[in-house]
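Numbering (the numbering used here), first residue to last: 8 to 439.
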Amino acid sequence: MDKSAKIEFNGSSYTFPVITGSENEEAIDIKNLRSEMGLITYDPGYKNTGHCISSITYLDGENGILRYRGYSVEELCEKKSFLEVTYLLIFGDLPSQNQLEKFQNDIREETLVDEDLKQIFKSFPKSAHPMGVLSSLTSALIAFNPQNETKISMTDKEGVTADDKMYLSTVRLLAKFPIMSSWTLRKIKGLPLNYSNNNLSYTENIAYMMFAKPNQEYVQNDVIVNALNTLLILHADHEQNCSTSTVRIVGSSYAGLYASISAGISALWGRLHGGANQAVIEMLELIKNDNSDIDKYLNKAKDKSDPFRLMGFGHRVYKNFDPRAKIIKKAADQVLNDLGIDDPILDIAKSIEEKALTDEYFIEKKLYPNVDFYSGIIYRALGIPSDMFTVMFALGRIPGWIAQWKEMRDSNNPIGRPRQIYNGPTHRKISS
Ligand code: ACO
């Protein structure tokens, strides 16, 4: 029997259908709440609001489960490349060898970068934060791809909503975003800008573009490539988080893919979201420079009158553990060991985790290390400056944003437009 939920208000009762997902998640379908009852829901931060039906990523926060298109992230990290996972997210299935080769080659076809885009990049001051630069450059890509990105019809599948154009926009972005990201890193490091090496695999090429030094033969370090592969897969999608919801909501107005993803990059930048990886390292440095006084900072985090929060701890959805954090913690140990790096910050991070996990405050509030707690330690070991950490997150998240945007557009959902409860002044007149 179909399930339903009854809501009583002002002496009347109304029945609403309950939707059940493939993993038995249940939601009251309140699409007709306002027309039936004259009511809206109030849910700041959308803590209880589902805004779409999606078949991309499944996340069970109570049991620490994360799956892309049904495959667990643990298994994907172990057995698949980031490019295969990218294909999986965007097209729904893991690619065959032929499909993968075609996808890889189509991306390689798009690795040339317009000199005018380079000029735009060069005009940013060296002090510009890489996330601002990347958001701007992604938006600027529209100017170099106007046919696809600006002509989006509501009635026909035109512009980027047409399957062939969507594919072209997808491979272009997957080709150009790593180049633009590597440029931001190279500018910070004072290195000349680099281009794609199309003899390499997708992730190998990212490492090459970021780390190759002028006048030195580039020798690939597999520890770095494997670490990048794991990190990029773990960041590839995370269902309806702040930046992904932003991408969907911007796209729901029929803005193009690149405009929507540019907005997603800005949303990711914030410290409560992807920006936390940079904030974690800054916090760990602060603690190290303050006599490694971990207890002091745990107490600050617990003190309601102190705005300090333990960065890299807590999650809107995970209330047991974040499966990504488990994998990254193991990877951090492995990478530092393989690269022969002894970073005191890793020990501080582990001590914080150990203490927090036995502290009543963190237990009661179900606060655990999230994906950002250990990722910065790996990035640092790879020689990536902290300003760039959130860019690394964005690099991984591009396929998820594309997949979510595509699903949103194909579903033909209405424009995203929440309501509000107004509590400002009632009607008043200007006195003179
Ligand atoms: N340190 C100390 N206390 C915390 C922390 C923390 N990191 N996180 C949550 N709390 C407390 C809050 O003060 C709140 O306490 P209260 O109930 O007494 O008011 C309670 O735990 C619930 O926290 P909320 O902020 O209401 O939870 P929400 O789901 O809105 O926020 C968030 C989740 C933003 C991740 C939060 O835990 C946080 O700020 N963490 C630190 C930043 C961070 O690591 N962000 C990255 C998240 S992962 C990602 O986006 C990729």
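Here a beta-carbon is modelled for each residue, glycine too, at the ideal position from N, C-alpha and C. Since the model is a prediction, treat every value here as computed from it, not as a measurement.
**Asked** Closer than 8 angstroms: is that where the CB of Asn-327 sits relative to any heavy atom of the ligand ACO?
**Response** In the sequence shown, the residue the question calls residue 327 occupies position 320. No, Cβ of Asn-327 sits at least 8 angstroms from all heavy atoms of the ligand ACO.
**Asked** Could you give the residue range of the alpha helix (DSSP H) that holds Leu-181?
**Response** On the sequence shown, position 174 is the one that residue 181 refers to. Looking at the DSSP string, the run of the alpha helix (DSSP H) that includes Leu-181 is 170-196.
**Item:** C-alpha distance - Thr-145 paired with Asp-113, whole-angstrom precision
**Value:** Working through the sequence shown from its first residue, we reach residue 145 at position 138. Working through the sequence shown from its first residue, we reach residue 113 at position 106. C-alpha separation (whole angstroms): 19 angstroms.
**C-beta atoms of Tyr-174 and Phe-89 nearer than 9 angstroms** = Residue 174 sits at position 167 when you count from the first residue of the sequence shown. Residue 89 sits at position 82 when you count from the first residue of the sequence shown. No.
**Request:** Return the residue from the list Lys-194, His-280 and Glu-211 that minimises the CA-CA distance to Asn-377.
**Result:** Position 370 of the sequence shown, counting from 1, holds the residue named residue 377. Looking at the Cα atoms, His-280 is the closest of the given residues.
**Message:** Applying the 10 Å Cβ sphere with the 16-neighbour rule, what's the burial state of Arg-76?
**Reply:** As a first step, residue 76 must be located in the sequence shown, where it is residue number 69. Arg-76 comes out buried.
**Asked** Among Pro-199, Phe-184, Phe-218 and Asp-171, which residue has its Cα nearest to the Cα of Lys-129?
**Response** Indexing the sequence shown from 1 puts residue 129 at position 122. Taking only the C-alpha atoms, the option nearest Lys-129 is Pro-199.
**Asked** Cβ of Phe-400 within 9 angstroms of Cβ of His-242?
**Response** By 1-based counting over the sequence shown, the position of residue 400 is 393. By 1-based counting over the sequence shown, the position of residue 242 is 235. Yes; because the gap between Cβ atoms is below 9 angstroms, this pair is in contact.
**Prompt:** Measuring from the CB of Leu-279, is there a heavy atom of the ligand ACO at a distance below 8 angstroms?
**Reply:** Your numbering for residue 279 matches position 272 in the sequence shown. For the ligand ACO, at least one heavy atom lies less than 8 angstroms from the Cβ of Leu-279.
**Item:** For Arg-74, three-class secondary structure by DSSP
**Value:** Translated into the one-based positions of the sequence shown, residue 74 becomes position 67. The answer is strand: DSSP assigns Arg-74 an E or B state.
**Item:** Span of the beta strand (DSSP E), counted from its first residue to its last, around Ala-12
**Value:** In the sequence shown, counting from the first residue as 1, residue 12 sits at position 5. Here the beta strand (DSSP E) through Ala-12 covers 11-16.
**Request:** Indicate whether Asn-3 and Arg-115 have their beta-carbon atoms separated by less than 9 angstroms.
**Result:** Outside the modelled stretch of the chain, which goes from 8 to 439, sits residue 3, for which no answer is possible.
**Request:** For Pro-432, count neighbouring C-beta atoms within 10 Å of its own C-beta (all shown protein chains included) and say buried if the count is 16 or more, exposed if not.
**Result:** Within the sequence shown, numbered from 1, the residue matching residue 432 stands at position 425. That one is exposed.
**Request:** Spell out a yes or no on whether the region 78-85 and the region 136-155 are touching, meaning 3 or more CB-CB pairs, one atom from each, closer than 8 angstroms.
**Result:** no
**Prompt:** Any idea if Gly-263 is buried or exposed, counting beta-carbon neighbours within 10 angstroms, 16 or more meaning buried?
**Reply:** Taking the first residue of the sequence shown as 1, we reach residue 263 at position 256. Burial call: buried.
**Prompt:** Under the three-state reduction of DSSP, which class applies to Val-25: helix, strand or coil?
**Reply:** Residue numbering aside, residue 25 sits at position 18 when the sequence shown is read from its first letter. Strand at Val-25.
**Prompt:** Can you give the Cα-Cα distance for Arg-404 and Glu-414, rounded to whole angstroms?
**Reply:** Walking along the sequence shown from the start, residue 404 turns up at place 397. Walking along the sequence shown from the start, residue 414 turns up at place 407. The straight-line gap from Cα to Cα measures roughly 15 angstroms.
**Request:** Could you name the residues that DSSP lists as bridge partners for Tyr-65?
**Result:** The count along the sequence shown starts at 1 and reaches residue 65 at position 58. Looking at the DSSP output, Tyr-65 shares a beta bridge with Arg-74.
**Message:** I'd like to know if the region 297-315 and the region 266-280 are in contact, where contact means that at least 3 CB-CB pairs between them fall below 8 angstroms.
**Reply:** The region 297-315, when compared against the region 266-280, does not touch it at the 8 angstroms Cβ threshold.
**Asked** Quick one: what does DSSP say Asp-42 is sitting in, helix, strand or coil?
**Response** By 1-based counting over the sequence shown, the position of residue 42 is 35. Inspection of the sequence shows that residue 42 is occupied by Ser rather than by Asp. Ser-42: helix per DSSP, three-state reduction.
**Message:** Here's the rule: buried if 16 or more other CB atoms are within 10 angstroms of the residue's CB, otherwise exposed. What is Val-25?
**Reply:** Within the sequence shown, residue 25 is the residue found at index 18, counting from 1. The residue is exposed, with fewer than 16 neighbouring Cβ atoms inside 10 Å.
**Prompt:** According to DSSP, is Ser-439 helix, strand or coil?
**Reply:** Taking the first residue of the sequence shown as 1, we reach residue 439 at position 432. In the structure shown, Ser-439 sits in coil (DSSP, three-state: anything other than H, G, I, E or B).
**Asked** Helix or strand or just coil, what does DSSP make of Ser-130?
**Response** As a working note, residue 130 is residue 123 in the sequence shown. Correct three-state label for Ser-130: coil.
**Distance cut-off 8 angstroms: Arg-316 Cβ against heavy atoms of the ligand ACO** = Translated into the one-based positions of the sequence shown, residue 316 becomes position 309. Yes, the Cβ of Arg-316 comes within 8 angstroms of a heavy atom of the ligand ACO.
**Request:** Take Ile-231 and list the residues in its own chain whose beta-carbon comes closer than 6 angstroms to its own, dropping the five residues that flank it on each side.
**Result:** As a working note, residue 231 is residue 224 in the sequence shown. Result list for Ile-231: Ala-214 and Leu-389, in chain order.
**Asked** Counting pairs of beta carbons, one from the region 405-425 and one from the region 242-259, are three or more of them closer than 8 angstroms?
**Response** yes
**Message:** Below 8 angstroms, how does it come out for the region 319-335 and the region 63-79: are there three or more Cβ pairs, yes or no?
**Reply:** yes
**Message:** If you measure between the beta carbons of Ala-182 and Asn-201, is that distance less than 9 angstroms?
**Reply:** Within the sequence shown, the letter at position 175 stands for residue 182. Within the sequence shown, the letter at position 194 stands for residue 201. No, the Cβ-Cβ distance between Ala-182 and Asn-201 is not below 9 angstroms.
**Request:** Look at Ser-20 and Lys-13 and say whether their C-beta atoms are less than 9 angstroms apart.
**Result:** As a working note, residue 20 is residue 13 in the sequence shown. As a working note, residue 13 is residue 6 in the sequence shown. In this structure, Lys-13 lies closer than 9 angstroms to Ser-20 by Cβ.
**Request:** Give the straight-line distance between the Cα atoms of Glu-117 and Asn-212, rounded to the nearest whole angstrom.
**Result:** The sequence position of residue 117 within the sequence shown is 110, counting from 1. The sequence position of residue 212 within the sequence shown is 205, counting from 1. Spanning the two alpha carbons is a distance of roughly 14 angstroms.
**Request:** Can you tell me which of the three DSSP states Phe-320 falls into?
**Result:** Indexing the sequence shown from 1 puts residue 320 at position 313. Strand at Phe-320.
**Request:** Kindly list the residues whose CB is nearer than 8 angstroms to the CB of Ile-301, restricted to its own chain and excluding five residues on each side of it in sequence; keep chain order.
**Result:** On the sequence shown, residue 301 is found 294 positions in, with the first residue counted as 1. Contacts found: Ile-294, Ile-355, Ser-358, Ile-359 and Lys-362.
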